[in-house]
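Participant: Heads up, the sequence shown is in our numbering, so the first residue is 311 and it goes up one at a time.
Ideal Cβ positions, reconstructed from N, Cα and C, are used throughout, including at glycine.
Since this is a predicted model, take the numbers as computed values, not measurements.
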Amino acid sequence: MSYYFNKVISTKNFDEAIEQVTAALKVEGFGVLTDINIQKAFKEKIDVDFKKYRILGACNPGYAHKALLAEDKIGVFLPCNVIVEEHENGDIEVSTVDPIASMSSIENENLGEFALEVQRKMKAVIAALK
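1) May I ask you to report which of helix, strand or coil DSSP gives Leu439?
2) Mark Ile346 as exposed unless 16 or more other C-beta atoms lie within 10 angstroms of its C-beta, in which case mark it buried.
3) Alpha carbon to alpha carbon, how far is Phe315 from Glu338?
4) Going straight from the alpha carbon of Ile384 to that of Ala377, what length do you get?
5) Since I believe Leu366 is in contact with Val331 (beta carbons under 8 angstroms), could you give me their beta-carbon distance rounded to a whole number of angstroms?
6) From this set, Lys317, Ala437, Phe424, Lys322, which residue's C-alpha is nearest Ala374's C-alpha?
7) First and last residue of the alpha helix (DSSP H) that includes Asp325?
8) According to the Cβ coordinates, are Lys317 and Ile436 closer than 8 angstroms?
9) In the DSSP assignment, what are the bridge partners of Glu396?
10) Measure the C-alpha to C-alpha separation of Ile319 and Gly400 and round it to an integer number of angstroms.
This is how it looks when you write it as structure tokens:
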């Protein structure tokens, strides 16, 4: 089982890709809580040049609340990470975690339907990208 969903999108502008992903997340009820710029962090912290690579921490407050009520340690899996990366050939790839895969290690049957619904939404985010 794969632990993520991904898609190479047609835009060649990295900032536009970030905007497109953020908008697709919003349509599915998710906001971006964190935005980690790996390229910038690596340059500042270890003086390494790295490709454009951002990790967006996406959260749907309603789902997060339900999940935390069912399993208080599920916070180690939150928020849902979405990565946007630019490859050497200029392709921009977007990947998101598969909630079913990440939650499969938790032995709590109350999370099954929740994980399936979040998975549907994350697949919809990826499918909406152009």
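Facilitator: In this structure, then:
1) Here DSSP, grouped into helix, strand and coil, assigns Leu439 to coil.
2) Flag for Ile346 reads exposed.
3) Between the C-alpha atoms of Phe315 and Glu338 there is a straight-line separation of about 16 angstroms.
4) Cα to Cα, the separation comes out at about 7 angstroms.
5) Sure, about 7 angstroms apart at Cβ, within 8 angstroms.
6) Ala374 has its Cα closest to that of Phe424, out of Lys317, Ala437, Phe424, Lys322.
7) First-last of the alpha helix (DSSP H) with Asp325: 324-337.
8) With contacts defined as CB atoms closer than 8 angstroms, Lys317 and Ile436 qualify as a contacting pair.
9) Answer by DSSP bridge pairing, in chain order: Ile402.
10) Roughly 11 angstroms between the two C-alpha positions.
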